[in-house]
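Residues 1001 to 1311 (my numbering) make up the sequence shown, in order.
Here is the structure we will look at, set down as structure tokens.
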Amino acid sequence: MVGLAGVLLVAPTEAAPTFQAGCSVNLLANPGFDGGFRQTSLSSFAANGWEPWFVDDGTGDSYFAEPEYKAADGRLFPNRVHSGFFAQQFFNSYRTHIAGFWQRVPLPPGSRVRFSMWVHVWSSSQNDPNVSTENGKYRLWVGIDPAGAIPPRQNLHPDWESILANVVWAGPIEQYDAWGWIDVTAVAQADAVTVFTRGSPEWPVTNNNSYWDDGCLEVLAPPAPTPTRTPRPTPTLTSTPTLSPTATPTATPTPTATSIPSPLPSPSPTPSPPTLFAPERNVVVGGGIALLFAVALLFGYVVGHRIRSKG
């Protein structure tokens, strides 16, 4: 995987800018290689916090040999150090190599990060340390494994390409006799990333040397916030009512038709007895005449009633 590389040239005679000026918060351990070195093989010394890797096919010929790692001392060779006192150097003579060093750095997943390094090459068929004459076509890369995988061993022969297949590389560039800056960006896929340097000359010239200094790993953008889902209210469980057994309907008896009785004749109303007296009227009669008439009438009624009773 290949990314875009940026290159900034600095002439060897110029005062090198401080690398911290372009590195906000450096996540690397021993980024300037001034924190000491340790022995990693019979003839190699790697900076503390960093691990060497290389491809050695074991044939002993001029191609793909293990390089030597050492501390480049700026007090002896000022142009070999970008800042501080030391830089990391790896090299061999009359041979080629595919080699570099790496460091694994924890950080939050989803972080967008940039890894950068200052580097220069002395690759020459001659021994003048200030000039690369008839160089060996020495190429340089930096890379990030966004999954944070680490090489299983120092010598990655024969499957180094598959082991480093997930690395996002920036390069190659060629940078002879002057310091240049190279960087690569990636987004962390896990809780760590692994950063790599890589140098590889094509031709086995007399001197194939690369010098690395002032590394930087910085977060360009933090992980995007994870969207939170608004919880929905949990429905309250209610008891299901138990259905009562339905009563079996009973058959309704069919009504038997009955004869409707004929209506009895209503009794004829008994006529009221005749009123003995006519309705009261305001008849002004002489008191004596009226009384006599009433007595006579009553007498006649009584006599007649008795005669009818005897007859």
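Using N, Cα and C, we set each Cβ at its ideal position, and we do this for glycine too.
| task | Give the DSSP-derived three-state secondary structure of E1218 in the structure shown. | result | Taking the sequence shown and counting its residues from 1, one reaches residue 1218 at position 218. Here E1218 sits in strand by DSSP.
Exercise. Within the present structure, is the beta-carbon of T1226 separated from the nearest heavy atom of the ligand FAD by less than 7 Å?
Worked result: The ligand FAD is absent from the structure shown, which contains no ligands of any kind.
Nearest-angstrom Cα separation, counted from A1165 out to P1012 | Numbered from its first residue, the sequence shown carries residue 1012 at position 12. Numbered from its first residue, the sequence shown carries residue 1165 at position 165. The predicted position of P1012 is uncertain, since its pLDDT is 39 and thus under 50; a value taken from the coordinates is nonetheless stated next. C-alpha separation (whole angstroms): 35 Å.
Between the Cα of P1078 and those of P1052, S1111, D1177 and I1098, spot the shortest distance and give me the residue it belongs to. For this step, residue 1078 is matched to residue 78 along the sequence shown. Residue nearest to P1078 within the set P1052, S1111, D1177 and I1098 is D1177 (criterion: CA-CA distance).
**OP:** Count the other CB atoms, across all protein chains shown, that sit within 10 Å of the CB of N1092; report buried if there are 16 or more and exposed otherwise.
**Re:** Along the sequence shown, read from residue 1 onward, the residue named residue 1092 stands at position 92. Buried: at least 16 other Cβ atoms inside 10 Å.
Q. Based on Cα-Cα distance, which residue from N1209, T1226, L1217 and G1058 lies nearest to S1123?
A. Position 123 of the sequence shown holds residue 1123. Considering only alpha carbons, the answer is N1209.
Quiz prompt | Status (buried if at least 16 other CB within 10 Å, exposed otherwise) for V1168 | solution = Start at 1 with the first residue of the sequence shown, and residue 1168 comes out as number 168. Classification of V1168: buried, given that the 10 Å Cβ count is 16 or more.
Quiz item: Is E1161 helix, strand or coil by DSSP?
Solution: Here residue 1161 corresponds to residue number 161 of the sequence shown, with the count starting at 1. Reduced to three states, the DSSP call for E1161 is helix.
| said: Once DSSP output is grouped into helix, strand and coil, what is the label at N1079? | reply: Locating residue 1079 in the sequence shown gives position 79, counting from the first residue. In this structure, N1079 counts as helix in the three-state DSSP scheme.
The beta strand (DSSP E) with H1097 in it runs from where to where? Residue mapping note: residue 1097 aligns to position 97 of the sequence shown, counting from 1. First-last for H1097: undefined, no H or E at that position.
In this structure, how does DSSP classify V1195 when only helix, strand and coil are distinguished? In the sequence shown, counting from the first residue as 1, residue 1195 sits at position 195. It is a strand residue.
Using the Cβ count rule (16 or more neighbours within 10 Å means buried), how would you classify V1025? For the purposes of this step, residue 1025 is taken as residue 25 along the sequence shown, with counting starting at 1. Answer is exposed; the Cβ neighbour count stays below 16.
Looking at F1086: is its Cβ nearer than 8 Å to the Cβ of G1100? Looking up residue 1086 in the sequence shown gives position 86. Looking up residue 1100 in the sequence shown gives position 100. The answer is no: Cβ separation not under 8 Å.
* Asked: In terms of alpha-carbon separation, which member of N1048, F1299 and E1202 lies closest to S1062?
  -> Locating residue 1062 in the sequence shown gives position 62, counting from the first residue. Here the closest residue by C-alpha is E1202.
(message) For a test of the three-state rule: what should DSSP assign to G1143, helix, strand or coil?
(response) Here residue 1143 corresponds to residue number 143 of the sequence shown, with the count starting at 1. If DSSP states are grouped into helix, strand and coil, G1143 belongs with the strands.
>> Assuming S1116 is part of the beta strand (DSSP E), what are its boundary residues?
In response: Numbered from its first residue, the sequence shown carries residue 1116 at position 116. Start and end: R1112 to S1124.
For F1037 and M1001, the rounded distance between their alpha carbons:
Translated into positions along the sequence shown, residue 1001 becomes position 1. Translated into positions along the sequence shown, residue 1037 becomes position 37. The predicted model places M1001 with a pLDDT of 48, which falls under 50 and marks its position as unreliable, so this point remains unresolved.
Which residue from A1149, W1141 and T1059 puts its Cα closest to that of P1172? Counting from one through the sequence shown, the residue named residue 1172 turns up at place 172. Of the candidates A1149, W1141 and T1059, the one whose C-alpha sits nearest the C-alpha of P1172 is W1141.
Please tell me whether A1056 and E1066 are closer than 8 Å, where the distance is taken between their beta carbons.
Walking along the sequence shown from the start, residue 1056 turns up at place 56. Walking along the sequence shown from the start, residue 1066 turns up at place 66. For clarity, residue 1056 is Asp in the given sequence; the question names Ala instead. Going by C-beta atoms, D1056 is nearer than 8 Å to E1066.
_the region 1184 to 1202 / the region 1099 to 1113 touching (three or more Cβ pairs under 8 Å)_ = yes
In the DSSP assignment, the beta strand (DSSP E) including I1150 goes from what residue to what residue? By 1-based counting over the sequence shown, the position of residue 1150 is 150. No beta strand (DSSP E) contains I1150, which DSSP labels as neither H nor E.
**Prompt:** Measuring CA to CA, which of S1044, D1034, Q1088 and V1113 is closest to A1221?
**Reply:** For the purposes of this step, residue 1221 is taken as residue 221 along the sequence shown, with counting starting at 1. A1221 has its Cα closest to that of V1113, out of S1044, D1034, Q1088 and V1113.
### Task
Can you give me the Cβ contacts of S1043 inside the same chain, cut-off strictly under 7 Å, excluding the 5 residues immediately before and after it?
Along the sequence shown, read from residue 1 onward, the residue named residue 1043 stands at position 43. Here the set comprises E1068.
Checklist entry - Is it true that the CB of P1108 sits closer than 8 Å to the CB of P1223? => result Reading the sequence shown from its first residue, position 223 is the one you call residue 1223. Reading the sequence shown from its first residue, position 108 is the one you call residue 1108. Cβ atoms of P1223 and P1108: closer than 8 Å.
**Prompt:** Looking at V1131 and D1213, is the spacing between their C-beta atoms short of 8 Å?
**Reply:** Your numbering for residue 1213 matches position 213 in the sequence shown. Your numbering for residue 1131 matches position 131 in the sequence shown. Result no, Cβ atoms of D1213 and V1131 do not sit closer than 8 Å.
Taking Cβ to Cβ, would you say E1218 is nearer than 8 Å to L1027?
By one-based count along the sequence shown, residue 1218 stands at place 218. By one-based count along the sequence shown, residue 1027 stands at place 27. Yes; because the gap between Cβ atoms is below 8 Å, this pair is in contact.
> Got a sec, what are the start and stop residues for the beta strand (DSSP E) V1167 sits in?
Replying inline: Mapped onto the sequence shown, residue 1167 falls at position 167. No beta strand (DSSP E) holds V1167; DSSP gives it neither H nor E.
- Message: Excluding the 5 residues flanking A1186 on each side, which residues of the same chain have their C-beta closer than 6 Å to its C-beta?
- Response: Position 186 of the sequence shown holds residue 1186. Closer than 6 Å at the Cβ level, and outside the excluded window around A1186, lie I1144, P1146 and V1168.
Assign G1060 to buried or exposed, taking buried as 16 or more other Cβ atoms, counted over all protein chains shown, within 10 Å of its Cβ. Stepping through the sequence shown from its first residue, residue 1060 is reached at position 60. Classification of G1060: exposed, given that the 10 Å Cβ count is below 16.
Nearest by alpha-carbon distance to K1137: which of S1162, K1070 and R1095 is it? For the purposes of this step, residue 1137 is identified with residue 137 of the sequence shown, where counting begins at 1. Nearest option by C-alpha distance: R1095.
Exercise. Could you check the C-alpha separation between N1048 and T1234 for me, to the nearest Å?
Key: Here residue 1048 is taken as the residue at index 48 of the sequence shown, counted from 1. Here residue 1234 is taken as the residue at index 234 of the sequence shown, counted from 1. Approximately 56 Å between the Cα atoms of the pair.
Worksheet item: Among G1215, I1150 and D1183, which has the Cα closest to the Cα of N1030?
Response: Reading the sequence shown from its first residue, position 30 is the one you call residue 1030. For N1030, the nearest C-alpha among the options comes from G1215.
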